[in-house]
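For any residue, its number in this note's numbering is found by taking its place in the sequence shown, counting from 1, and adding 919.
Written out below as structure tokens is the structure these notes cover.
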Amino acid sequence: LRPRLARSPWRLGHAGRHPVMASWHRWLLVFGLAFASSLGVVRAQLDGASGGQRRRRSVVVRMSGSLGFSGPQGKRARTAERGIRLLAETVNASRKFRHFAAGSGADLLLRIDIQDDEGLHSHVGRIYKDLVDQGEVPFLLGPYSTSLSEKAIEAIGDANVLTFMPGVVAPRILESAIGNVFTTSPTAIDLAARAMEVVEASGAQSVAIIADSGLFNIELCDAFSKHATRAGLRVLVKFRLDKEAVTEQVRHLKSLVPEVLVGCSDQQGAEQILISARAMNFVPKAAIITDAASEIFVRSVGPAIANYVISPVPWYPSLDLPCPVFGSSLGFATA
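Dropping the structure here:
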């Protein structure tokens, strides 16, 4: 999120595509450091000597897990997969990562095996139980979503396998693990912090919060509430989203006249909140809505609504995206 945009402190344009955190460089660095610190537990096959002369040896380490390629989060799963495979390509090409547990500092090479869990809890449970039972995988890659990550941790149980969960931002999930689960994503507290800093800097004084079901949404909206209180904003109301009665809920929100509206939901819930607010001419100074940083969302609600939405995200593939009107997202911000 970047507050230094023209005309309005809320104008983040293109549905908040500017990242809260650094992109792949930090992701790669943190993951690499965590990975390198764990090499002592790895067992792998070494390429032996040939023709009486020792060749430069390498250790192939298998990393396995699942992502929901054909599930409702398929697009995000593909993005996560690209990042993971980019990590492997970078590590394998650099020859800078060493496997000292093998006895002679052999080169570390990564092999990525990712199954499609279709976004189903039953599939996730089966996949991770099988991987743990096989006992051949020194590192696991967790699924993308919060609820599926919970299921994977449950299936892994007390197995001593280092597990990377790319989509975990709820601290409660990490606390429920036995200490071998890590993530490079910012926590819910960190995601909320930057957005509330933008709100605080603009002089807003009141906020209304509406949260959908699900651990991610609940923890994120709890974080927004804590940051709002810390910043001296009045939290006028905080309640659970009812998608069957969203019109009445938004009407109630409008009657409270909050300066900032915070919504923690999936894309469907975010669309319902914003479209209902628009229909009732409910226009707060700022709308902080999760799951709104995508082209699909912008097309669904229309640019007139999406234009003034702040959507906290851990990263975005590109800082400067093409725009048919302003040339690019940075051109839009400058205008």
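In this text, a Cβ means the ideal position worked out from N, Cα and C, and glycines have one as well.
Between Thr1166 and the rest of its own chain, which residues show a CB-CB distance below 6 Å, the 5 nearest in sequence each way excluded?
On the sequence shown, residue 1166 is found 247 positions in, with the first residue counted as 1. For Thr1166, same chain residues with a beta-carbon under 6 Å away, outside a window of 5 residues either side, are Ser1195 in chain order.
Leu1093 and Thr1102 - do their beta-carbons sit closer together than 8 Å?
Position 183 of the sequence shown holds residue 1102. Position 174 of the sequence shown holds residue 1093. In this structure, Leu1093 lies closer than 8 Å to Thr1102 by Cβ.
Please report how far the alpha carbon of Ser1219 lies from the alpha carbon of Ser1230, in whole angstroms.
Your numbering for residue 1219 matches position 300 in the sequence shown. Your numbering for residue 1230 matches position 311 in the sequence shown. When rounded, the distance between both Cα atoms is 15 Å.
Is Thr1065 buried or exposed, if buried means 16 or more other CB atoms sit within 10 Å of its CB?
One-based indexing of the sequence shown puts residue 1065 at position 146. With 16 or more other Cβ atoms within 10 Å, it is buried.
At a threshold of 7 Å, does Gly1076 count as lining the ligand NAD (C-beta to nearest heavy atom)?
The ligand NAD is absent from the structure shown, which contains no ligand whatsoever.
Grab me the residues of Arg995's own chain with a C-beta within less than 7 Å of its C-beta, minus the 5 sequence neighbours each way, in chain order.
Reading the sequence shown from its first residue, position 76 is the one you call residue 995. Non-local C-beta neighbours of Arg995 in its own chain, meaning closer than 7 Å and more than five positions away in sequence, comprise Tyr1063, ordered along the chain.
Look at Gly1038 and Pro1085 and say whether their C-beta atoms are less than 8 Å apart.
To locate residue 1038, count along the sequence shown from 1; it is residue 119. To locate residue 1085, count along the sequence shown from 1; it is residue 166. Here Gly1038 is not near Pro1085, since their CB atoms are 8 Å or more apart.
Looking at C-alpha atoms only, which residue of Leu1081, Pro1105, Asp1036 is the closest neighbour of Ile1046?
Indexing the sequence shown from 1 puts residue 1046 at position 127. For Ile1046, the nearest C-alpha among the options comes from Asp1036.
Contacts around Leu1180, its chain only, beta-carbon distance under 6 Å, and the 5 residues preceding and following it disregarded:
As a first step, residue 1180 is located in the sequence shown; it is residue number 261 there, counting from the start. Around Leu1180: Ala1127, Pro1203, Ala1206.
Ser977 vs Ala1012 beta-carbon contact at 8 Å:
Looking up residue 977 in the sequence shown gives position 58. Looking up residue 1012 in the sequence shown gives position 93. Taking a C-beta distance under 8 Å as the contact criterion, Ser977 and Ala1012 do not qualify as a contact pair.
Can you tell me where the alpha helix (DSSP H) holding Asp1049 begins and where it ends?
Reading the sequence shown from its first residue, position 130 is the one you call residue 1049. Per DSSP, Asp1049 belongs to the alpha helix (DSSP H) from 1040–1053.
Are there 16 or more other CB atoms within 10 angstroms of the CB of Arg1159, so buried, or fewer, so exposed?
Here residue 1159 refers to the residue found at position 240 when the sequence shown is read from its first residue. Exposed.
Work out the CA separation of Val1100 and Pro1222 for me, nearest whole Å.
By one-based count along the sequence shown, residue 1222 stands at place 303. By one-based count along the sequence shown, residue 1100 stands at place 181. Straight-line Cα distance between these residues: approximately 39 Å.
Roughly how many whole angstroms lie between the Cα atoms of Cys1183 and Ser1041?
For the purposes of this step, residue 1183 is identified with residue 264 of the sequence shown, where counting begins at 1. For the purposes of this step, residue 1041 is identified with residue 122 of the sequence shown, where counting begins at 1. The straight-line gap separating the alpha-carbon atoms of Cys1183 and Ser1041 is approximately 26 Å.
Take Leu1006 as the anchor and find which of Ala1114, Ala1107, Ile1031 has the nearest alpha-carbon.
Residue 1006 sits at position 87 when you count from the first residue of the sequence shown. With distances taken between Cα atoms, Leu1006 lies closest to Ile1031.
Taking just the CA atoms, how far does Ala1112 sit from Leu1172?
Against the sequence shown, residue 1172 aligns to sequence position 253. Against the sequence shown, residue 1112 aligns to sequence position 193. Those two C-alpha atoms are separated by around 23 Å.
Segment limits, alpha helix (DSSP H) that includes Leu986
Taking the sequence shown and counting its residues from 1, one reaches residue 986 at position 67. For Leu986, no alpha helix (DSSP H) segment is defined; the enclosing uninterrupted segment is the beta strand (DSSP E) at 977–986.
In three-state DSSP terms, what is Asp1261?
The first residue shown for the chain is 920 and the last is 1254, placing residue 1261 beyond what the model contains.
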